[in-house]
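Read the structure below first, then the notes.
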Amino acid sequence: MTADRFVGGLREDTRARTWLGYAVALDRSPRKDDARVRELLRPVLSGDEFGAQAWKAMAGWSQVLERAVGEDRRWTEVGVWECVRLSWAHAREQGRCVVQAQDLARRAVFEWWGRQRVVDVSALLSPALTPVGSCSSPAEWAQQEYRQLWAAFVERWCGRLEEEFASQRTGGEDEQLLMVADWPLPHRGDLAYLSQFRQVGPAVPAGLREEEYGRNRKRHAVVLAVPRYAVEHAVADEDRPRWGQATVLTAGDVLDIAAPEAARAAAESATRVMLRTVYPHLPEDVATDGKRPQASAQVRAARADQRAARPDISDTHWAQQRERDVRRQWRHAFGEGVWAWVPDDTASGPAAAQLQGLADHHYSWRIVRLDVEAGPRTDEVLVSLYGLLTGWDARRRILTFAPQHGHRPIQVPAHRIVAMTGDRERRGRREAPMWEPYAPPRRW
Numbered sequence: 001m002t003a004d005r006f007v008g009g010l011r012e013d014t015r016a017r018t019w020l021g022y023a024v025a026l027d028r029s030p031r032k033d034d035a036r037v038r039e040l041l042r043p044v045l046s047g048d049e050f051g052a053q054a055w056k057a058m059a060g061w062s063q064v065l066e067r068a069v070g071e072d073r074r075w076t077e078v079g080v081w082e083c084v085r086l087s088w089a090h091a092r093e094q095g096r097c098v099v100q101a102q103d104l105a106r107r108a109v110f111e112w113w114g115r116q117r118v119v120d121v122s123a124l125l126s127p128a129l130t131p132v133g134s135c136s137s138p139a140e141w142a143q144q145e146y147r148q149l150w151a152a153f154v155e156r157w158c159g160r161l162e163e164e165f166a167s168q169r170t171g172g173e174d175e176q177l178l179m180v181a182d183w184p185l186p187h188r189g190d191l192a193y194l195s196q197f198r199q200v201g202p203a204v205p206a207g208l209r210e211e212e213y214g215r216n217r218k219r220h221a222v223v224l225a226v227p228r229y230a231v232e233h234a235v236a237d238e239d240r241p242r243w244g245q246a247t248v249l250t251a252g253d254v255l256d257i258a259a260p261e262a263a264r265a266a267a268e269s270a271t272r273v274m275l276r277t278v279y280p281h282l283p284e285d286v287a288t289d290g291k292r293p294q295a296s297a298q299v300r301a302a303r304a305d306q307r308a309a310r311p312d313i314s315d316t317h318w319a320q321q322r323e324r325d326v327r328r329q330w331r332h333a334f335g336e337g338v339w340a341w342v343p344d345d346t347a348s349g350p351a352a353a354q355l356q357g358l359a360d361h362h363y364s365w366r367i368v369r370l371d372v373e374a375g376p377r378t379d380e381v382l383v384s385l386y387g388l389l390t391g392w393d394a395r396r397r398i399l400t401f402a403p404q405h406g407h408r409p410i411q412v413p414a415h416r417i418v419a420m421t422g423d424r425e426r427r428g429r430r431e432a433p434m435w436e437p438y439a440p441p442r443r444w
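Counted the way my numbering counts, the sequence shown spans residues 1 to 444.
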């Protein structure tokens, strides 16, 4: 009866059509309640006592819907719902969260319909959402109220979209870890639905993705907690590459939803194991080293090998007139990979001052090889990372290092660093890998 009165009101309404009226008609349309009404009537249709009445109610509801389609079609010509839906879907396909998707949809709606000026205050809905005391004039209050109403409509519509996507998941189904080594997925429309599932752990650098027309885009690897049916579907679609490159998908452990706390801890541990196969250095591993960590025996032994293998090239000279040439030759040897910088095992050595001099004069485009200790303390391994030297904090003894292909810089503490040097054979960014296993030095 309420829906019938609303449809009749649309037919009898003689007011001028406003943009706000379009939003009201879409928000209150009986079509959004169609599935709920039929769900309530379905169990009663086959009953003996109320079956005939239920069928009559179903027929009446169908007539109301037919009238609604004819009456509110003129209200939907502007495509407000399509604007919200497409903006929300575009944000979710790019891996944005719920709040970011809603914000993008709100800005898209305001761009097209939110700039209209209110000429009739009585056309606004009641009760008002904007306090009167916060505005200096009725016109300012009307504009703020107008924007508040649009924001409320967009929030409600985005909430319906989120509920619809959440309802697609099978209730009580076990979740499984899925590592996507090509994140985000704007280029894979068939896998865009993966962006709705929660991410476990950080995103790590995963190299460079080649796209059409010779363009390149950096990519990351993330681990998602995905229902098992979605994992099977995604892995089955892996055989269809885009632009000659497939999205690398790796299925992991199955999470036990019956024990959420234990499943969360197991998921975080398994996630770190999976991410280390893509990029071995994780900030979470460094965070567990403690407040005043010291270099491990493995690191100190590797540093001793590096010092023994590097040539005797000094950064100082006894003659002041030769000092500049000697330091230039020393920096050149570092950039060519002949001389390696090795941290001191104690805080009183000259290595910190040497690194400050290298960081101040090193070309930002030259690739360096950073030998570090990666992994947790219980399972550490030496690896070589390739990227750019971007800074050195002598007080905190932390080196800032940007991985290959323009990824976000990471911080590496000195107690995990074995050595750092240039690479004469692989100077260009495309020639060096993201990382490789550590190889002992050879004498020059």
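Don't be surprised by glycine CBs; every beta carbon is placed ideally from N, CA and C.
It should be emphasised that the depicted structure is a prediction, and the values quoted were computed from it without experimental measurement.
(message) Between the alpha carbons of Glu163 and Arg156, how many angstroms are there, rounded?
(response) Position 163 of the sequence shown, counting from 1, holds the residue named residue 163. Position 156 of the sequence shown, counting from 1, holds the residue named residue 156. Roughly 11 Å separates the two Cα atoms.
(request) Taking all protein chains shown into account, decide if Asp371 is buried (16 or more other Cβ within 10 angstroms of its Cβ) or exposed. (result) Translated into positions along the sequence shown, residue 371 becomes position 371. Classification of Asp371: buried, given that the 10 Å Cβ count is 16 or more.
(request) Determine contact between the region 146-156 and the region 87-106, defined as no fewer than three beta-carbon pairs at a distance below 8 Å. (result) yes
(message) Let me confirm a value: Cys158 is counted as buried when at least 16 other C-beta atoms fall within 10 Å, else exposed. Which label applies?
(response) What you label residue 158 is simply residue 158 of the sequence shown in a count that begins at 1. Buried, since its Cβ has 16 or more Cβ neighbours within 10 Å.
(message) Closest to Ala302 by C-alpha separation, out of Ala333, Ser314, Asp344 and Glu336, would be which residue?
(response) Start at 1 with the first residue of the sequence shown, and residue 302 comes out as number 302. Ala302 has its Cα closest to that of Asp344, out of Ala333, Ser314, Asp344 and Glu336.
(message) Give me the DSSP bridge partner(s) of Tyr386.
(response) Translated into positions along the sequence shown, residue 386 becomes position 386. For Tyr386, which the question treats as bridged, DSSP gives the partners Arg369.
(request) State whether the region 123-143 contacts the region 79-92, with contact taken as three or more CB pairs (one from each stretch) at a distance under 8 Å. (result) no
(request) Look up Trp339 in the DSSP assignment and say whether it is helix, strand or coil. (result) As a first step, residue 339 is located in the sequence shown; it is residue number 339 there, counting from the start. Trp339: coil per DSSP, three-state reduction.
(request) May I have the straight-line CA-CA distance separating Val412 from His281, to the nearest angstrom? (result) Here residue 412 is taken as the residue at index 412 of the sequence shown, counted from 1. Here residue 281 is taken as the residue at index 281 of the sequence shown, counted from 1. Val412 and His281: Cα-Cα distance of roughly 9 Å.
(request) Closer than 6 Å by C-beta to Arg276: which residues in its own chain qualify, once you throw out the five before and the five after it? Chain order, please. (result) As a working note, residue 276 is residue 276 in the sequence shown. The answer is none, since no qualifying residue turns up.
(request) Indicate the three-state DSSP secondary structure (helix, strand or coil) for Gln199 in the structure shown. (result) Taking the first residue of the sequence shown as 1, we reach residue 199 at position 199. Gln199: strand per DSSP, three-state reduction.
(request) Assign Met434 to one of three DSSP states: helix, strand, or coil. (result) Along the sequence shown, one-based indexing puts residue 434 at 434. Of the three classes helix, strand and coil, the one that applies to Met434 here is coil, per DSSP.
(request) With a cut-off of 8 Å on the beta carbons, I'd call Asp305 and Pro440 a contact; round off their distance for me. (result) Translated into the one-based positions of the sequence shown, residue 305 becomes position 305. Translated into the one-based positions of the sequence shown, residue 440 becomes position 440. Their Cβ separation, rounded to whole angstroms, is 6 Å, which keeps Asp305 and Pro440 in contact under 8 Å.
(request) Measuring only between beta-carbons, confirm whether Ala347 sits less than 7 Å from chain C. (result) Among the chains in the structure shown there is no chain C, since it carries only a single protein chain.
(message) Taking 7 Å as the threshold (C-beta atoms), are Val235 and Phe197 in contact?
(response) Walking along the sequence shown from the start, residue 197 turns up at place 197. Walking along the sequence shown from the start, residue 235 turns up at place 235. Not a contact, by the Cβ cut-off of 7 Å.
(request) Express the C-alpha separation of Phe110 and Arg73 in angstroms, rounding to a whole number. (result) Looking up residue 73 in the sequence shown gives position 73. Looking up residue 110 in the sequence shown gives position 110. Because the pLDDT at Arg73 is just 44, under 50, the model does not fix this residue reliably, and the value given afterwards should be weighed accordingly. Each residue's Cα considered, the two are about 22 Å apart.
(request) Could you check if Thr288 is buried or exposed, using at least 16 other CB atoms within 10 Å of its CB as the buried criterion? (result) For the purposes of this step, residue 288 is taken as the residue at position 288 of the sequence shown. Exposed, by the Cβ-count rule.
(message) Using only CA atoms, which one of Met420, Tyr193 and Arg228 lies nearest to Gln176?
(response) By 1-based counting over the sequence shown, the position of residue 176 is 176. The residue with the shortest Cα to Cα distance from Gln176 is Arg228.
(message) If you reduce the DSSP assignment to three classes, tell me which class Pro283 lands in.
(response) As a position in the sequence shown, residue 283 is number 283, starting the count at 1. In this structure, Pro283 counts as helix in the three-state DSSP scheme.
(request) Compare the Cα-Cα distances from Leu194 to each of Val204, Ala206, Gly207 and Met179 and report the closest residue. (result) Looking up residue 194 in the sequence shown gives position 194. Checking every option, the nearest Cα to that of Leu194 belongs to Met179.
(request) Leaving out five residues on either side along the sequence, give the residues of the same chain with a beta carbon under 8 Å from the beta carbon of Pro283. (result) Within the sequence shown, residue 283 is the residue found at index 283, counting from 1. Within the same chain, Pro283 has close Cβ partners Pro202, Ile410 and Gln411.
(request) Report the three-state DSSP secondary structure of Leu399 (helix, strand or coil). (result) By one-based count along the sequence shown, residue 399 stands at place 399. Reduced to three states, the DSSP call for Leu399 is strand.
(request) Taking the CB atoms as reference points, tell me whether Lys291 and His407 lie closer together than 7 Å. (result) By 1-based counting over the sequence shown, the position of residue 291 is 291. By 1-based counting over the sequence shown, the position of residue 407 is 407. Not closer than 7 Å, so no.
(request) Would you tell me roughly how many angstroms separate the C-alpha atoms of Gly70 and Trp112, rounded to the nearest one? (result) Here residue 70 is taken as the residue at index 70 of the sequence shown, counted from 1. Here residue 112 is taken as the residue at index 112 of the sequence shown, counted from 1. In this prediction, Gly70 has a pLDDT of 49, which is less than 50 and means its spatial position is unreliable; nothing more can be read from the coordinates.
(request) Measure the beta-carbon distance from Leu191 to His405 and round it to whole angstroms, keeping in mind my assumption that it falls under 8 Å. (result) Residue 191 sits at position 191 when you count from the first residue of the sequence shown. Residue 405 sits at position 405 when you count from the first residue of the sequence shown. Not really, about 22 Å apart at Cβ, beyond 8 Å.
(request) Determine the direct distance from the alpha carbon of Ala35 to that of Glu49, and round the result to whole angstroms. (result) Along the sequence shown, read from residue 1 onward, the residue named residue 49 stands at position 49. Along the sequence shown, read from residue 1 onward, the residue named residue 35 stands at position 35. Cα to Cα, Glu49 sits roughly 24 Å from Ala35.
(request) Excluding the 5 residues preceding and the 5 following Ile417 in the sequence, name in chain order all residues of the same chain whose CB lies nearer than 6 Å to its CB. (result) Residue 417 sits at position 417 when you count from the first residue of the sequence shown. Excluding positions up to five away in sequence, the list reads Pro343 and Val372.
(request) Indicate the three-state DSSP secondary structure (helix, strand or coil) for Arg325 in the structure shown. (result) The sequence position of residue 325 within the sequence shown is 325, counting from 1. For clarity, residue 325 is Asp in the given sequence; the question names Arg instead. Residue state, collapsed to three classes: helix.
(message) With a threshold of 6 Å on Cβ separation, who are the neighbours of Ala340 within its own chain once the five nearest residues in sequence on each side are excluded?
(response) By one-based count along the sequence shown, residue 340 stands at place 340. For Ala340, where only same-chain residues beyond five positions count, the Cβ hits under 6 Å are Gln306, Arg310, Ala419 and Thr421.
(message) On a Cα-Cα basis, can you pick out the residue from Val278, Ile367, Asp182 and Ala308 that is closest to Arg442?
(response) Mapped onto the sequence shown, residue 442 falls at position 442. Of Val278, Ile367, Asp182 and Ala308, the residue nearest in Cα terms is Ala308.
(request) Could you please give me the residues that DSSP links to Ile452 through a beta bridge? (result) What the structure shows of the chain is the stretch from 1 to 444, and residue 452 is not part of that stretch, so it cannot be assessed.
(message) Given this structure, state the Cα-to-Cα distance separating Ala54 from Leu40, to the nearest angstrom.
(response) In the sequence shown, counting from the first residue as 1, residue 54 sits at position 54. In the sequence shown, counting from the first residue as 1, residue 40 sits at position 40. Roughly 10 Å between the two C-alpha positions.
(request) Spell out the partners DSSP gives Ala225 in its beta bridges. (result) Locating residue 225 in the sequence shown gives position 225, where the first residue counts as 1. In DSSP, Ala225 forms a bridge with Leu177.
(request) Would you decide whether Asp182 is buried or exposed? Buried here means 16 or more other CB atoms lie within 10 Å of its CB. (result) Taking the first residue of the sequence shown as position 1, residue 182 is located at position 182. The residue is buried, with at least 16 neighbouring Cβ atoms inside 10 Å.
(request) Compare the Cα-Cα distances from Ser296 to each of Tyr279, Gly335, Ile367 and Val381 and report the closest residue. (result) For the purposes of this step, residue 296 is taken as residue 296 along the sequence shown, with counting starting at 1. Looking at the Cα atoms, Val381 is the closest of the given residues.
(request) Label Ser87 either buried or exposed according to how many other C-beta atoms from any shown protein chain fall within 10 Å of its C-beta, with 16 as the threshold for buried. (result) Mapped onto the sequence shown, residue 87 falls at position 87. The residue in question, Ser87, is buried, as its Cβ has 16 or more Cβ neighbours within 10 Å.
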